[in-house]
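Enquirer: There's a structure below that I have some questions on.
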Amino acid sequence: MSVWASAEALFDYVYKSAHRTVMARRREWFERPVDMYQVLWWVPAGHRPTPREGLERLAHLERHGATPDAFTFKQKYPHPAAPPAAPQDMAPEPHCVGWE
1 MSVWASAEAL FDYVYKSAHR TVMARRREWF ERPVDMYQVL WWVPAGHRPT PREGLERLAH
61 LERHGATPDA FTFKQKYPHP AAPPAAPQDM APEPHCVGWE
């Protein structure tokens, strides 16, 4: 679990940096997850989310799908201070590797 300045910065790290080459080998170390294992949400500046909060957000995503309270790169909701907008698809699929 980590906190990033923006979803775009996290996306670039996950899918467009050396991290991607390591994750391409993840099937060597892990079984493919059957449940959701990744969730995004906006936190106020200075807030330090707890592991429990992360698990609660993940459970929320599993129960309700993407919402402004818990979402994914596929359905990213705008920051609460931004003008209301439809969820954005950041199109992670072309960058995903390792579970084929």
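Everything in the sequence shown is counted per UniProt numbering, starting at 1 for the first residue and increasing by one. Beta carbons are placed, not taken as given, at the ideal position from N, Cα and C, and that holds for glycine.
If we count the other Cβ atoms within 10 Å of its Cβ and call it buried at 16 or more, is residue 41 buried or exposed?
Expert: Locating residue 41 in the sequence shown gives position 41, where the first residue counts as 1. Buried, because 16 or more other Cβ atoms sit within 10 Å of the Cβ of residue 41.
Enquirer: Rounding to the nearest angstrom, what Cα-Cα distance links residue 34 and residue 53 in this structure?
Expert: On the sequence shown, position 34 is the one that residue 34 refers to. On the sequence shown, position 53 is the one that residue 53 refers to. Straight-line Cα distance between these residues: approximately 21 Å.
Enquirer: Find the nearest neighbour of residue 65 within the set 87, 47, 82, judged by alpha-carbon distance.
Expert: Your numbering for residue 65 matches position 65 in the sequence shown. Of the listed residues, the one whose Cα sits closest to residue 65 is 87.
Enquirer: Mapping the DSSP letters down to three states, classify residue 76 as helix, strand or coil.
Expert: Here residue 76 refers to the residue found at position 76 of the sequence shown. Residue 76: strand per DSSP, three-state reduction.
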